[in-house]
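Chains A and B, in that order, are what the protein sequence lines are. Each number in this note's numbering comes from the position in the first sequence (counting from 1) with 4 added on. Each number in this note's numbering comes from the position in the second sequence (counting from 1) with 4 added on. The C-beta atom is built at its ideal place from N, Cα and C for all residues, glycine as well. Here is the structure we will look at.
Number of protein chains: 2
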Amino acid sequence: MSTQRKVILYIAMSLDGYIATPDNGLEFLSLVEEKDQDYSYKDFVNTVDTVIVGRKSYDKVLSMGLEYPHTDKDLYIITRTPRPTVGSTTFYTGDLKELVSDLKRNVGKDIYVDGGAEIANEMLSENLIDEFYISVIPILLGNGISLFNNSRPQVRLKLISTKSYNKGLVQLHYLKA
Amino acid sequence: MSTQRKVILYIAMSLDGYIATPDNGLEFLSLVEEKDQDYSYKDFVNTVDTVIVGRKSYDKVLSMGLEYPHTDKDLYIITRTPRPTVGSTTFYTGDLKELVSDLKRNVGKDIYVDGGAEIANEMLSENLIDEFYISVIPILLGNGISLFNNSRPQVRLKLISTKSYNKGLVQLHYLKA
Numbered sequence: 005m006s007t008q009r010k011v012i013l014y015i016a017m018s019l020d021g022y023i024a025t026p027d028n029g030l031e032f033l034s035l036v037e038e039k040d041q042d043y044s045y046k047d048f049v050n051t052v053d054t055v056i057v058g059r060k061s062y063d064k065v066l067s068m069g070l071e072y073p074h075t076d077k078d079l080y081i082i083t084r085t086p087r088p089t090v091g092s093t094t095f096y097t098g099d100l101k102e103l104v105s106d107l108k109r110n111v112g113k114d115i116y117v118d119g120g121a122e123i124a125n126e127m128l129s130e131n132l133i134d135e136f137y138i139s140v141i142p143i144l145l146g147n148g149i150s151l152f153n154n155s156r157p158q159v160r161l162k163l164i165s166t167k168s169y170n171k172g173l174v175q176l177h178y179l180k181a
Numbered sequence: 005m006s007t008q009r010k011v012i013l014y015i016a017m018s019l020d021g022y023i024a025t026p027d028n029g030l031e032f033l034s035l036v037e038e039k040d041q042d043y044s045y046k047d048f049v050n051t052v053d054t055v056i057v058g059r060k061s062y063d064k065v066l067s068m069g070l071e072y073p074h075t076d077k078d079l080y081i082i083t084r085t086p087r088p089t090v091g092s093t094t095f096y097t098g099d100l101k102e103l104v105s106d107l108k109r110n111v112g113k114d115i116y117v118d119g120g121a122e123i124a125n126e127m128l129s130e131n132l133i134d135e136f137y138i139s140v141i142p143i144l145l146g147n148g149i150s151l152f153n154n155s156r157p158q159v160r161l162k163l164i165s166t167k168s169y170n171k172g173l174v175q176l177h178y179l180k181a
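The following block contains the structure:
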């Protein structure tokens with residue numbers, strides 16, 4: 005039995021729905037940092053073999069002097085500026101909907117949407133997300149970059165599970181209904 | 005031992021943070037309607053003796069031919085248009101911050117903020133909410149009246165509990181940290 009690969013948004017937001025402060029700051033995530041606690045991230049990452057990420061989020065990681073993780077996977081950086089493919093890293097300038105249907109035509113593990121807000125919203129606007137892991141951080145940021153912008157289609161969800169952790173993070177897991 | 009009365013926001017929102025559709029529709033709440041399941045609402049209501057609600061939300065209930073509930077409690081309708089007090093129902097045109105500090109100066113049960121978005125945001129902007137019960141409905145509305153507007157102060161929260169229910173509602177309970 006083969007089931008179709010799913011497109012999964014795995015992301016953290018404040019209770020008021022921001023994934024970053026207005027200046028793209030992620031300091032609030034440190035509120036839930038805990039030794040030996042990865043909130044099942046590693047387990048999740050093992051279920052995917054393809055990662056889609058926006059160019060800005062990708063460059064932000066590099067600008068911190070880090071290597072972008074997931075280079076062992078098929079990596080699609082969504083950008084408006086063509087760049088040559090490097091190994092399994094593709095700089096994709098085409099249509100997101102087409103990318104997803106191409107990927108789904110192939111057999112493989114699931115597909116991880118790693119943000120940022122622009123890519124998440126474009127995927128949501130096109131109703132391309134099949135599964136959601138939303139980690140709610142115990143803070144109201146008051147301001148910032150919203151995970152959910154206006155003018156997306158209505159999507160019914162099925163709650164799969166909810167887990168709460170020591171530091172007050174709540175992980176909500178939904179499937180598109 | 006007497007502890008100060010708390011101001012509690014008890015409200016439902018879609019996963020994308022809307023408390024109503026753009027036309028103030030609440031039809032999505034029917035997704036989680038279930039016989040004999042009130043999501044602990046009655047228990048909660050028994051812990052309060054005072055209700056604060058915006059004039060529009062109040063009038064919306066009346067326009068549906070219903071009596072506004074909680075007439076057994078001290079009811080403050082927040083409005084710009086003065087109206088005479090009726091029994092325990094006060095039409096309050098003053099400053100919200102003052103109202104809350106007046107109420108807190110008196111001994112009593114907790115204080116329930118029943119919405120709508122305008123009042124919730126004014127209370128949040130003034131950092132007047134001490135406790136939160138947010139019921140997350142399993143849907144992305146895509147558009148609507150946001151529970152959380154921009155330009156509020158940052159508020160750290162302490163997760164008290166999370167409960168998930170049959171129909172996919174998740175109730176998040178926080179205290180201001």
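When DSSP builds the beta bridges, which residues end up paired with S139(B)? DSSP links S139(B) through a beta bridge to A16(B) and Q175(B).
Grouping DSSP H, G and I as helix and E and B as strand, with all else coil, what is M5(A)? Per-residue confidence for M5(A) stands at a pLDDT of 45, beneath the threshold of 50, marking its modelled position as unreliable; no derived number is given.
For the pair the region 151 to 167 of chain B and the region 138 to 146 of chain A, tell me if three or more CB-CB distances fall below 8 Å. yes
Quick check on I133(B): does DSSP put it in helix, strand or coil? coil
E31(B), buried or exposed, once every other Cβ within 10 Å from all chains shown has been counted against 16: With fewer than 16 other Cβ atoms inside 10 Å of its own Cβ, E31(B) counts as exposed.
Please identify the residue among A181(A), L161(A) and G119(A) whose C-alpha is closest to the C-alpha of I23(A). G119(A)
Would you say G172(B) reaches chain A, if we count a Cβ-Cβ gap shorter than 8 Å as a contact? With 8 Å as the cut-off, G172(B) counts as an interface residue toward chain A.
Selection from R9(B), P73(B), S150(B) and I138(B) that minimises the alpha carbon distance to L161(B): I138(B)
Residues of its chain near A181(A), where Cβ-Cβ distance is below 6 Å and the 5 sequence neighbours each way are ignored: R160, L161 and K162
Who are A24(A)'s beta bridge partners in DSSP? I149(A)
For D27(A) and I149(A), what's the separation of their Cα atoms in angstroms? Cα atoms of D27(A) and I149(A): separation of roughly 8 Å, rounded to the nearest angstrom.
Apply the 10 Å Cβ neighbour rule to D106(B) and answer buried if 16 or more other Cβ atoms are within range, or exposed otherwise. The residue is exposed, with fewer than 16 neighbouring Cβ atoms inside 10 Å.
Taking S155(B) as the query, report the chain A residues whose CB atoms sit under 8 Å from its CB, ordered along the chain. G146 and N147
Where E135(B) falls, given that 16 or more other Cβ within 10 Å makes a residue buried: buried
Quick one: which residues of the region 14 to 35 of chain B get their C-beta closer than 7 Å to a C-beta of chain A? List them in chain order. Going along the region 14 to 35 of chain B in chain order, one finds L19, D20 and G21 with a Cβ nearer than 7 Å to chain A.
Which residue comes first and which comes last in the alpha helix (DSSP H) that contains D106(A)? L100 to R109
Relative to the C-alpha of L151(A), which candidate in I15(B), G21(B), M17(B) and R9(B) has its C-alpha closest? G21(B)
Taking the beta strand (DSSP E) that F32(B) falls in, what are its first and last residues? Taken as a continuous stretch (DSSP letters only), F32(B) belongs to no beta strand (DSSP E), as it is neither H nor E.
Measure the CB-CB distance between V55(A) and D114(A) and report whether it falls below 8 Å. no
Throw me the rounded Cβ distance for the Y80(B) and T94(B) pair, which I believe falls under 8 Å. Your pair Y80(B) and T94(B) checks out as a contact, with CB atoms roughly 5 Å apart and the cut at 8 Å.
Local conformation of Y72(B) per DSSP, three classes: coil
In the DSSP output, what is Y80(B) paired with across the bridge? Residue pairing of Y80(B) in beta bridges, as defined by DSSP: I56(B) and T94(B).
With 8 Å as the threshold, decide whether the Cβ of L100(A) is near any Cβ in chain B. no
CB contact check: F48(B) to chain A, cutoff 8 Å: no
Inter-residue Cα distance where the pair is D11(B) and P88(A): For the record, residue 11(B) in the displayed sequence is Val; it is not Asp. One C-alpha to the other measures close to 57 Å.
Cβ shell of V174(A) (< 6 Å), same chain only, five flanking positions each side left out: V140 and S168
Starting from D114(A) and walking both ways along the alpha helix (DSSP H), at which residues does that stretch end? Taken as a continuous stretch (DSSP letters only), D114(A) belongs to no alpha helix (DSSP H), being part of the beta strand (DSSP E) at D114 to V117.
Within 10 angstroms of the Cβ of E38(B), are there 16 or more other Cβ atoms? Answer buried if so, exposed if not. exposed
Starting from the Cα of G91(B), find the closest Cα among T75(B), N170(B) and R84(B) and give me that residue. Looking at T75(B), N170(B) and R84(B), the one whose alpha-carbon comes closest to that of G91(B) is T75(B).
Quick one: what does DSSP say S61(B) is sitting in, helix, strand or coil? In the structure shown, the three-state DSSP call for S61(B) is helix.
Is K46(B) helix, strand or coil when you go by DSSP? DSSP places K46(B) in helix when its eight states are reduced to three.
What I want to know is whether the C-beta of E122(B) ends up closer than 7 Å to one or more non-hydrogen atoms of the ligand PLP. Of the ligands one can find in the structure shown there are none, so the ligand PLP has no counterpart to examine.
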